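If you read the sequence shown in the numbering used here, its first letter stands for residue 1, the second for the next number, and so on.
Here a beta-carbon is modelled for each residue, glycine too, at the ideal position from N, C-alpha and C.
Being a predicted model, the structure only gives us computed values, none of them experimental.
Step one of this worksheet: look at the structure below.
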Amino acid sequence: MCGLSLEADKTFVLLAGTDGMDCTYCGCAVEAHDPVYLSTEPDGEPTSQFCNYGCLSAHIETAELTTGTACNWSPAE
Ligand SMILES: [Zn+2]
């Protein structure tokens, strides 16, 4: 089941993002912490960003991204 992910569903962790972005979870300026940037493209613009893995983890729980059929999760749903 987990092996059936579509190319379009992939999420990449970027090594660097754009300064001045606010954390998707808590709204703080991410560069003040240890930022994590996510994108749907390996070299793309960040689609979401977090202060650190703690905010990313909290966002995942709040958004219930691991609930149900997480392997089939799509941003369109
Ligand atoms: Zn944050």
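Its chain contains Asp19 as the residues whose beta carbon lies nearer than 7 Å to that of Glu31, once the 5 sequence neighbours on both sides are disregarded; these appear in chain order. Close CB contacts of Ala58 within its chain, under the 6 Å cut and outside five residues either way in sequence, are with Tyr25 (chain order). Within the same chain, Cβ atoms closer than 8 Å to the Cβ of Asn52 are found at His33, Asp34, Pro35 and Val36, the five residues on either side in sequence being excluded. If you look at Tyr37, you'll find it in the beta strand (DSSP E) that goes Val36 to Ser39. Distances taken from the Cβ of Tyr25 to the heavy atoms of ligand 1 include one shorter than 7 Å.
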